[in-house]
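A.B. asks: Quick one: structure below, then a few questions.
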Amino acid sequence: MLRHWCYKLEATLLIVVGFTGLLFLLQTNRPSNVHVSKEEREGPALILPITTEMSKPIMECQANKLAANVSGFAELPAHIKDFLWYKHCKEFPLLLDVPEKCGSPKISHEVFLLLAIKSSPGNYERREVIRKTWGQERMFAGMRIRRVFLVGEAANAQEAWKLSRLLKLESEENRDILQWAFQDSFFNLTLKQVLFHSWMEARCPGVRFIFNGDDDVFANTNNIVHYLLSVPGAGDEHLFVGQLITNVGPIREKWSKYYVPEQVTTSNSYPPYCGGGGLLMSGYTSRTIYKESLGIELFPIDDVYLGMCLQKAGLMPSSHMGIRTVGVRLPSSRVSSFDPCYYRELLLVHRFVPYEMLVMWNAIHQPDLVCGKKTEVYQSF
Ligand SMILES: *[C@@H]1O[C@H](CO)[C@@H](O)[C@H](O)[C@H]1NC(C)=O
Ligand SMILES: *[C@@H]1O[C@H](CO)[C@@H](O)[C@H](O)[C@H]1NC(C)=O
């Protein structure tokens, strides 16, 4: 009886002490004589970094000094040195999140197609037009489509401040921005991809299918939904389709955007992969890529890296004739490369400027658009 009473007293004391401590903390944290805006009081939407555990704090990642010890390091271009210094850094805080994008992790299987579009902070116009056209969040053929843009931070500090304000505004208005605290650059695209898969694990693990691509492609999301409805497994089986690239290896010419020196890889061949401009994968394959990525060092070319993850998992990427990331070859020079009939049959085409997306999205939806035989466009390659 006495012991029981002692426990009660102890518990009460603990609560009192804890509460006093909390009050003290709250008191000392409050700036006393400065004006506190509503936003500052409530804090930004979410500053917690996303890791698989969702709460582990992230230390700022330091450059690996030993990277400079490889022979010929001094002669490498700056962005490759940067890559070698920081390639071990795979966790970055999420600055802008959309936790409710898929409802909740539990009901995320209700999202049929998630459009995950790689964008740079400055590409505001592209994002705006995608929101209005092929990237609309909507129901189509009874299937739910959702959209996120994947961005990092601008390299230039002055620009980064302005652009982070812009992204915050866009996020408040559209709830479609995922921004991480790393430098948004070509050689950091793999990092962006890996962080996206880790976000998927935490926020949208049940999504059926994912469109993964750039913000300068034209994706016919209607056709994509029809196609995905025709593949077996409803996202629970392997699917990875795009423009298949095989039997290539690293470009060793210094002037190329894709230059990968021996110091990054000594291998002379890449596994089969799909052009990163735009591809489709199942939720199953996205989860597999995530698991494999934990054990594979970052590689600067993002689409090749996905090929490496698939290879390690024993899965194959495949080709879809309707996905044209290198451009459309036309059957005859009399046909305009902007003929809506071609785009009505395709799933995805690379390189559209914003106004073209608007014009094309509108054109393929014209009920009076008269086109020839359906199969013509596929046969012309
Ligand atoms: C750098 O490389 C050289 C030879 O490759 C080696 O002897 C030296 O210990 C290395 N330095 C460090 C700090 O690891
Ligand atoms: C990638 O981002 C990190 C973090 O911002 C940065 O330190 C590194 O230099 C970037 N790497 C490249 C190749 O841009």
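Residue numbers (my numbering): 851 to 1231. Glycine included, every Cβ here is placed at the ideal spot set by N, Cα and C.
Can you tell me whether DSSP reads Gln-877 as helix, strand or coil?
C.D. replies: Reading the sequence shown from its first residue, position 27 is the one you call residue 877. The predicted position of Gln-877 is uncertain, since its pLDDT is 43 and thus under 50; a value taken from the coordinates is nonetheless stated next. If DSSP states are grouped into helix, strand and coil, Gln-877 belongs with the helices.
A.B. asks: Please report the residue range of the beta strand (DSSP E) in which Lys-1107 lies.
C.D. replies: For the purposes of this step, residue 1107 is taken as the residue at position 257 of the sequence shown. Element bounds for Lys-1107: n/a, residue is neither H nor E.
A.B. asks: Looking only at its own chain, which residues have a Cβ that is under 7 Å from the Cβ of Cys-939, when we skip the five neighbours before and after it?
C.D. replies: Here residue 939 refers to the residue found at position 89 when the sequence shown is read from its first residue. Excluding positions up to five away in sequence, the list reads Cys-911.
A.B. asks: From what residue to what residue does the beta strand (DSSP E) around Pro-1131 run?
C.D. replies: As a first step, residue 1131 must be located in the sequence shown, where it is residue number 281. It is worth fixing the name first, because residue 1131 is Met in this sequence and not Pro. It spans 1128–1132 - the beta strand (DSSP E) in which Met-1131 sits, taken as one unbroken run.
A.B. asks: Which residues in the same chain have their Cβ closer than 6 Å to the Cβ of Lys-888, if we skip the five residues on either side of it in sequence?
C.D. replies: For this step, residue 888 is matched to residue 38 along the sequence shown. Caution applies to Lys-888, whose pLDDT of 39 falls short of 50 and renders its modelled position unreliable; the value that the coordinates give is listed next. Excluding residues within five positions, none has a Cβ falling inside 6 Å.
A.B. asks: Identify, in the order they occur along the chain, each residue of the same chain with its Cβ nearer than 7 Å to the Cβ of Asn-973, setting aside the five sequence neighbours on each side.
C.D. replies: Mapped onto the sequence shown, residue 973 falls at position 123. Excluding positions up to five away in sequence, the list reads Asp-1065.
A.B. asks: Name the DSSP bridge partner or partners of His-1200?
C.D. replies: Stepping through the sequence shown from its first residue, residue 1200 is reached at position 350. Its beta-bridge partners are Val-1067.
A.B. asks: Between Ile-897 and Pro-1204, what straight-line distance do the alpha-carbon atoms span, to the nearest angstrom?
C.D. replies: As a first step, residue 897 must be located in the sequence shown, where it is residue number 47. As a first step, residue 1204 must be located in the sequence shown, where it is residue number 354. Caution applies to Ile-897, whose pLDDT of 40 falls short of 50 and renders its modelled position unreliable; the value that the coordinates give is listed next. When rounded, the distance between both Cα atoms is 32 Å.
A.B. asks: In three-state terms, what does DSSP make of Arg-997?
C.D. replies: Position 147 of the sequence shown, counted from the first residue, corresponds to residue 997. Correct three-state label for Arg-997: strand.
A.B. asks: Are the stretch 1130–1139 and the stretch 1085–1097 touching, with three or more C-beta to C-beta distances below 8 Å?
C.D. replies: Contact between the stretch 1130–1139 and the stretch 1085–1097 is present, because at least three Cβ pairs lie under 8 Å.
A.B. asks: Mind the definition here: the stretch 959–974 touches the stretch 924–944 only if three or more C-beta pairs lie below 8 Å; say whether that holds.
C.D. replies: No, the stretch 959–974 is not in contact with the stretch 924–944.
A.B. asks: Can you tell me whether Pro-1217 is helix, strand or coil according to DSSP?
C.D. replies: Your numbering for residue 1217 matches position 367 in the sequence shown. Looking at Pro-1217 - three-state DSSP - the assignment turns out to be coil, as it is neither helix nor strand.
A.B. asks: Could you pull the DSSP bridge partners for Leu-944 from this structure?
C.D. replies: Numbered from 1 along the sequence shown, position 94 holds the residue referred to as residue 944. Its beta-bridge partners are Trp-1030.
A.B. asks: Who are the Cβ neighbours of Val-920 in its own chain at under 7 Å, not counting the five residues just before and after it?
C.D. replies: Numbered from its first residue, the sequence shown carries residue 920 at position 70. Contacts found: Gln-1113.
A.B. asks: Are three or more beta carbon pairs between the stretch 1041–1059 and the stretch 954–961 nearer than 8 Å?
C.D. replies: Verdict: yes, contact present.
A.B. asks: Please determine whether the Cβ atom of Leu-1041 lies at a distance below 7 Å from any heavy atom of ligand 2.
C.D. replies: Locating residue 1041 in the sequence shown gives position 191, where the first residue counts as 1. Answer for Leu-1041: yes, Cβ within range of ligand 2.
A.B. asks: Rank His-1200, Met-1207, Asp-1152 and Ser-1021 by C-alpha distance to the C-alpha of Pro-1121 and give the top, closest one.
C.D. replies: Translated into positions along the sequence shown, residue 1121 becomes position 271. Looking at the Cα atoms, Asp-1152 is the closest of the given residues.
A.B. asks: In terms of alpha-carbon separation, which member of Gly-1099, Lys-1162, Gln-1033 and Ala-1213 lies closest to Ile-1139?
C.D. replies: Sequence index remark: in the sequence shown, residue 1139 carries index 289 (1-based). Ile-1139 has its Cα closest to that of Lys-1162, out of Gly-1099, Lys-1162, Gln-1033 and Ala-1213.
A.B. asks: Grab the span of the beta strand (DSSP E) containing Val-1091 for me, first residue to last.
C.D. replies: Mapped onto the sequence shown, residue 1091 falls at position 241. From DSSP, the beta strand (DSSP E) with Val-1091 extends over 1090–1092.
A.B. asks: Find out if the Cβ-Cβ distance for the pair Leu-1165, Gln-1029 is shorter than 8 Å.
C.D. replies: As a first step, residue 1165 must be located in the sequence shown, where it is residue number 315. As a first step, residue 1029 must be located in the sequence shown, where it is residue number 179. No, the Cβ-Cβ distance between Leu-1165 and Gln-1029 is not below 8 Å.
A.B. asks: Quick check: Phe-1032 and Leu-1019, are their CB atoms within less than 8 Å of each other?
C.D. replies: Mapped onto the sequence shown, residue 1032 falls at position 182. Mapped onto the sequence shown, residue 1019 falls at position 169. Result no, Cβ atoms of Phe-1032 and Leu-1019 do not sit closer than 8 Å.
A.B. asks: Which whole runs of the beta strand (DSSP E) in the stretch 913–992 are 3 residues long or more, in chain order?
C.D. replies: As far as the stretch 913–992 is concerned, its whole beta strand (DSSP E) runs of at least 3 residues are 944–946, 961–968 and 988–990.
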